[in-house]
Amino acid sequence: MRKTKVYSMIGILVLLFAGILIYRQMASSITAQDVTVSGTIRSLDSKTVEVVLHVVRTKEDEGQHMMFPVIPGWGGLSFTGEQADGRFRPSSVGTSYDNQVILEQAVQQEGRDEGQLKQVFSQDLIGFSLPVKIGTYNMRFTLKALDGTPQPLHEPMIYYVHNERLLGKNLSWAMGYKLDIVKEGSK
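In the working numbering, the protein residues as written are 7 to 193.
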């Protein structure tokens, strides 16, 4: 009887230890290396800018994926016209508290200008969702000057936010990509 208790205790401890090891080694189902983002931003007029994005996903998963433009003084994301030219148009545009927290933490770790970040994060950021499938997604959208007056394009960024939790463990991450500024008169 005593031997079975000892073996049972040892078995439970081994299972517990193995469970802890597995839990600690859990990783996100998709990483920043599985996503490539490039884009440009240009002024359409004094109060509107246009962003053109090219996103490539090389791995599929069921997590939540959103993109957020972080450009101080600019907001009001709107996808332009019909997407008949093969461009992707997201099914969901909006915000999410969980995704915004992941984004804020990532931006703060980058050490960006505190004053500009307060301006950006003083409102709910508007982003858009991406499909969970592998693929190439080209898209185009506009942003408006938030207070109606033109703002300079200072460090325009687009952030890819992956929101994933597994067995209570947060496996989320966010990655920022600089947008190339297209000067007037160049295409």
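Think of the CB as a built atom: it goes at the ideal place given N, C-alpha and C, for glycine as much as any other residue.
Fair warning: this is a prediction, and the values are worked out from it, not measured in the lab.
Hey, quick one: how far does the alpha helix (DSSP H) through residue i stretch, first residue to last?
i: Glu116; result: 103-116
Span of the beta strand (DSSP E) holding residue i?
i: Thr148; result: 141-151
i: Gly174; result: Run containing Gly174: none; DSSP gives neither H nor E here.
i: Val167; result: 163-169
i: Lys184; result: 179-184
i: Gly154; result: Segment: none, Gly154 is in no beta strand (DSSP E) and carries neither H nor E.
i: Ser135; result: 133-135
Give the single residue among the options whose Cα lies nearest to the Cα of residue i.
i: Glu68; options: Thr142, Arg93, Thr86, Ser34; result: Ser34
i: Lys184; options: Arg146, Gly45, Lys11; result: Gly45
i: Asn169; options: Ser52, Pro96, Ile36, Thr42; result: Ile36
i: Val41; options: Tyr103, Pro75, Thr142, Glu161; result: Thr142
i: Thr54; options: Val113, Trp179, Thr148, Arg8; result: Thr148
i: Asn105; options: Asp153, Tyr166, Lys11; result: Tyr166
i: Ser52; options: Gly154, His160, Leu173; result: Gly154
i: Glu161; options: Val107, Asn176, Leu172, Glu116; result: Glu116
Can residue i and residue j be called in contact, C-beta distance under 7 Å?
i: Arg93; j: Asn144; result: yes
i: Thr86; j: Leu131; result: no
i: Met163; j: Gly182; result: yes
i: Gly82; j: Gln157; result: no
i: Val198; j: Val61; result: Nothing in the structure corresponds to residue 198, since the chain is present only between 7 and 193.
i: Ala112; j: Ala24; result: no
i: Lys139; j: Glu66; result: yes
Below 6 Å CB to CB, which residues in the same chain sit around residue i once its five sequence neighbours on both sides are set aside?
i: Ser98; result: Ser135
i: Lys9; result: none
i: Leu50; result: Glu56
Excluding sequence positions up to five away, which residues of its chain have a Cβ less than 8 Å from the Cβ of residue i?
i: Pro96; result: Phe85, Phe134, Ser135, Leu136, Met145
Note down, one range per segment and in chain order, each beta strand (DSSP E) of at least 3 residues found wholly within the segment 33-96. 41-51, 54-63, 70-76, 80-85
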